[in-house]
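Asks: Here's a structure for you.
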Amino acid sequence: MIRMATFEVKNKLSEALRLVEQGQTVVITRRGKAIADIRPHKQEKQKSSLKVLRAFPHAGGLKTKRNTSSSREVDL
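For the record, in the sequence shown the residue sitting at position 39 is 19 according to this note's numbering, with numbers rising by one throughout.
And the structure:
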């Protein structure tokens, strides 16, 4: 964790961002008191479509079992 005063961040923003890109957290201080953090952004894992559909409140009757039969007969 790196501490930088507000005037330092103003003058050295690119340096602060470089530190964050390297995984550091930069604590911004004013008169010695911490006022903000700049930290690396966490990427959220993408949810599967099925999990998203199941999360909807009206999806209670949604059948999510897959038909694994080799083929289906269809009258044409």
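Ideal Cβ positions, reconstructed from N, Cα and C, are used throughout, including at glycine.
1. Does the distance from the C-beta atom of A(-4) to that of I15 stay below 8 Å?
2. According to DSSP, which residues form a beta bridge with K13?
3. Take R(-17) as the anchor and find which of R34, G12, F36 and E24 has the nearest alpha-carbon.
4. Measuring straight from C-alpha to C-alpha, what distance separates Q4 and S50?
5. Can you tell me the Cα-Cα spacing of E53 and L30, whole angstroms?
6. For the alpha helix (DSSP H) that R19 lies in, which residues bound it at each end?
7. Quick one: residues in its chain with C-beta nearer than 8 Å to the C-beta of V0, no 5 flanking neighbours on either side, listed in chain order?
Replies: A quick look at the data gives this:
1. Result no, Cβ atoms of A(-4) and I15 do not sit closer than 8 Å.
2. K13 is bridged by DSSP to R10.
3. Comparing C-alpha distances from R(-17) to each of R34, G12, F36 and E24 shows the shortest one belongs to G12.
4. 53 Å
5. 27 Å
6. Careful: R19 lies outside any alpha helix (DSSP H) and carries neither H nor E.
7. V6, I18, R19 and P20
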